[in-house]
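Just so you know, the sequences run in chain order Z and B. To get my numbering, take the position in the first sequence, counting from 1, and add 837. To get my numbering, take the position in the second sequence, counting from 1, and add 837. Scroll down for the structure; my scribbles are underneath it.
Number of protein chains: 2
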Amino acid sequence: MRTADLERIRTLQLFSGMAEARFNELTSGAYLQNFPGGTTLMYEGDPVDFLYILMEGSVELQGTWNDKETTLAILRPISTFILAAVVLDANALMSARTLEKSQILMIPAEGFRRIMNEDPIFAVAVAREVSGCYRGLVRSIKNQKLRNGAERLANYLLTQQVRQGGAAIITLPHEKRTLASLLGMTAENLSRAFASLADYGVEVNGPEVKITRPVPLKRLAKPNPLLDNHAPPGAGLTGKAAKEMWPPANCLSGAA
Amino acid sequence: MRTADLERIRTLQLFSGMAEARFNELTSGAYLQNFPGGTTLMYEGDPVDFLYILMEGSVELQGTWNDKETTLAILRPISTFILAAVVLDANALMSARTLEKSQILMIPAEGFRRIMNEDPIFAVAVAREVSGCYRGLVRSIKNQKLRNGAERLANYLLTQQVRQGGAAIITLPHEKRTLASLLGMTAENLSRAFASLADYGVEVNGPEVKITRPVPLKRLAKPNPLLDNHAPPGAGLTGKAAKEMWPPANCLSGAA
DNA sequence: TCACTTGATTGACATTTATCAAGCTTGAAC
DNA sequence: GTTCAAGCTTGATAAATGTCAATCAAGTGA
């Protein structure tokens, strides 16, 4: 493994507090692997032998039931995934596949758990990391149960706008059908949802989306930090909530 | 606080490994409080000053947006709740209210975090507990996005049947409108979903539900350990997954 | 006993979402 | 250039879900 990659993950909150020796021990057994797009890294129900850390590219987490599939999250670097299964030595509840050529660091789960038991600072960091993932999922469920399709899309667009720097034109980072699955709708309905947002100043041109009238769009979307990971650090959040890192390094915060 | 209560929570996986002195320190600042039914313990967005442990009664966790409300989980003793917010010292993402007269142990969050930092065994236990909660939520989202209303109800009934000992007649533990909200539908549609399950041998009589033909019901429901917390320990799960406690003491495993 | 409240159910209807089929665009391969 | 495939869009229709209003049933208290 290259030193540059080690330094990149060393800066993650998950690893930043631990002693150098432990960090070296943890990563000494790790692999850095390249996968082409469309590779399934793991199937639902599989035993989990590694903690995965996405370094480059993007990964989709999926759930399946009865021949139906849904996207639970789309990850961007640097993100850990299937951490909870690693902590509990349990089988995966989601499949993971690359959406494009990706570079992924794989840390053996066994060693991860051993070091978690030996290094108290690391154990606390793991607890904090999983807690952040948990809160991402709570937001995701609320988003899914409380909003309809157009509302979910509108909030997705506003979130992306913030994350991409706030300009009026944003670029959809994935295929529209993947986005549809993430938002819990069909590709056809995503098209219609975009069309319905035209009244609110949303202009679509392939993967480019222009938000010409953010005020009415926000009036429709009603973004809310209790459902969306919207705000940059400190903005709109006071006190304790502001302490949470943004964007969180953890897995599901990106899930609409 | 009564010794009997302390002994009850001492047996939880979360606390069972920690040193006696630390456990005493943790609980010395705790309150055991009684609340009547319908009491809101905490509102969404509130700062979280306590870890809550439900000792008796039942508690509903809710999410709100735009004057709509949804039930995220219904807790039964003994369950912890808002653990992730305590770990991160963040604001609550869900409201909590008692559904009936309830007894709740409140452990100051500040002390909880201090002891988590001091006691490595406890820190690992917290990481494991939150991981279990996380996996409960993953199941919950998959259930919500992949199944329709009748399928969610069918699986809820089968899960309840297992939890209540496997007899043909089960008792719905909550009001039907609360159940409807948990299952992500209106009370009216829950009524219709029950009616549609009559073809599969489901007979409803107030809060009593009789499952007369489990085989066709299961053929419809297609229960699956990757979506449902169905199986007793070891049953149907081999190897690693079987190690997870069932039913988990943690918060959202009960969420259909 | 009798109103009265609360929760549950039912029917009629509206809205939302999914499904299926067809057509459109775009870009790569030949 | 032409062909082709993949992704996207559109329209027609069906299915699922929500809303509103009315009714019913059970339990409560005067």
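Glycine included, each C-beta is placed from N, C-alpha and C at the ideal position.
Worksheet entry | Near-chain B residues of the segment 953 to 965 of chain Z - C-beta to any C-beta below 7 angstroms | M953, N954, P957, A960, V961, V963, A964 and R965
Practice prompt. Determine, using beta carbons only, whether Y971 (chain B) comes closer than 8 angstroms to chain Z.
Written response: yes
Worksheet item: In this structure, does DSSP put M953 (chain B) in helix, strand or coil?
Response: Three-state DSSP puts M953 (chain B) in a helix.
Worksheet item: By DSSP, does T840 (chain Z) sit in helix, in strand, or in coil?
Response: When secondary structure is reduced to three states using DSSP, T840 (chain Z) falls in the helix class.
Practice prompt. Please list, in chain order, all residues of the same chain as M953 (chain B) whose beta carbon is under 8 angstroms from its beta carbon, the five residues on each side excluded.
Written response: V924, F959, A960 and V963
Item to complete: Check T848 (chain Z) in the structure and name its three-state DSSP category.
Response: For T848 (chain Z), the three-state secondary structure derived from DSSP is coil.
Worksheet entry | Cβ shell of F887 (chain Z) (< 7 angstroms), same chain only, five flanking positions each side left out | M943, I944, P945 and A946
Worksheet item: Does DSSP classify T864 (chain B) as helix, strand or coil?
Response: helix
Worksheet item: Can you tell me whether DSSP reads K1055 (chain B) as helix, strand or coil?
Response: helix
Worksheet item: Relative to the C-alpha of A858 (chain Z), which residue among Z:R1000, Z:E955 and Z:H1011 is closest?
Response: Z:E955
Discussion item. Using C-beta distances below 7 angstroms, list every residue in its chain close to I915 (chain B), excluding the 5 sequence neighbours before and after it, in chain order.
Written reply: R845, I846, L849, I890, L891, M892 and A1086
Worksheet item: What beta strand (DSSP E) runs, 3 residues minimum, are completely inside the segment 915 to 979 of chain Z?
Response: 916 to 918, 932 to 935 and 939 to 945
Worksheet item: In chain order, what residues of the same chain lie with their CB nearer than 6 angstroms to the CB of L909 (chain Z), ignoring the 5 residues before and after it?
Response: Cβ within range, chain order: L898, G900 and M931.
Item to complete: Mind checking who G986 (chain B) pairs with in its DSSP beta bridge?
Response: Partner(s): none; G986 (chain B) has no beta bridge.
Discussion item. If the cut-off is 9 angstroms on Cβ atoms, which residues from the segment 975 to 992 of chain B count as contacting chain Z, listed in chain order?
Written reply: V975, R976, S977, I978, K979, N980, Q981, K982, L983, R984 and E988
Worksheet item: M931 (chain Z) CB to nearest chain B CB: under 8 angstroms?
Response: yes
Worksheet item: Closer than 7 angstroms, Cβ to any Cβ of chain B: which residues of the segment 903 to 923 of chain Z, in chain order?
Response: N903, K905, T907, L909 and A921
Worksheet item: Is it right to say R965 (chain Z) is buried, meaning 16 or more other beta carbons lie within 10 angstroms of its own, or is it exposed?
Response: buried
Fill in: chain B within 8 angstroms of L869 (chain Z), Cβ atoms only
no
Practice prompt. Could you tell me which chain B residues have their CB closer than 7 angstroms to the CB of N1061 (chain Z), listed as they occur along the chain?
Written response: Simply W902.
Worksheet entry | Identity of the residue in Z:S939, Z:V1039, Z:L1027 and Z:Y880 nearest P1051 (chain Z) by Cα | Z:V1039
Practice prompt. Mind reading off the beta-carbon distance from T1015 (chain B) to R934 (chain B)? Whole number of angstroms is fine, and I expect it under 8 angstroms.
Written response: The Cβ separation is near 11 angstroms, so there is no contact.
Worksheet item: At a Cβ threshold of 8 angstroms, is G1038 (chain B) touching chain Z?
Response: no
Discussion item. Check whether chain B comes within 8 angstroms of E948 (chain Z), counting only Cβ atoms and requiring the distance to be less than that.
Written reply: The question names Glu, yet the displayed sequence has Gly at residue 948 (chain Z). By this cut-off, G948 (chain Z) is not an interface position.
Worksheet item: In or out: T1049 (chain Z) buried (at least 16 other Cβ within 10 Å) or exposed?
Response: exposed
Worksheet item: From Z:E881, Z:G874 and Z:R839, pick the residue whose C-alpha is nearest to that of S865 (chain Z); which is it?
Response: Z:R839
Item to complete: Evaluate A841 (chain Z) with the Cβ neighbour count: other Cβ atoms within 10 Å of its Cβ, from every protein chain shown; 16 or more gives buried, anything less gives exposed.
Response: It is exposed - the Cβ of A841 (chain Z) has fewer than 16 other Cβ atoms within 10 Å.
Discussion item. Going by DSSP in three states, A1068 (chain Z) sits in which element: helix, strand or coil?
Written reply: Because the pLDDT at A1068 (chain Z) is just 47, under 50, the model does not fix this residue reliably, and the point stays unresolved.
Worksheet item: Are A929 (chain B) and G882 (chain B) close, meaning C-beta to C-beta below 8 angstroms?
Response: Yes, these two residues count as a Cβ contact at 8 angstroms.
Fill in: Partners in chain Z for E881 (chain B), counting only beta-carbon separations shorter than 7 angstroms
L1063
Worksheet item: Is it true that the CB of L995 (chain B) sits closer than 8 angstroms to the CB of K938 (chain B)?
Response: no
Worksheet entry | Classification of E988 (chain Z) by the beta-carbon crowding that lies within 10 angstroms, buried from 16 upward | buried
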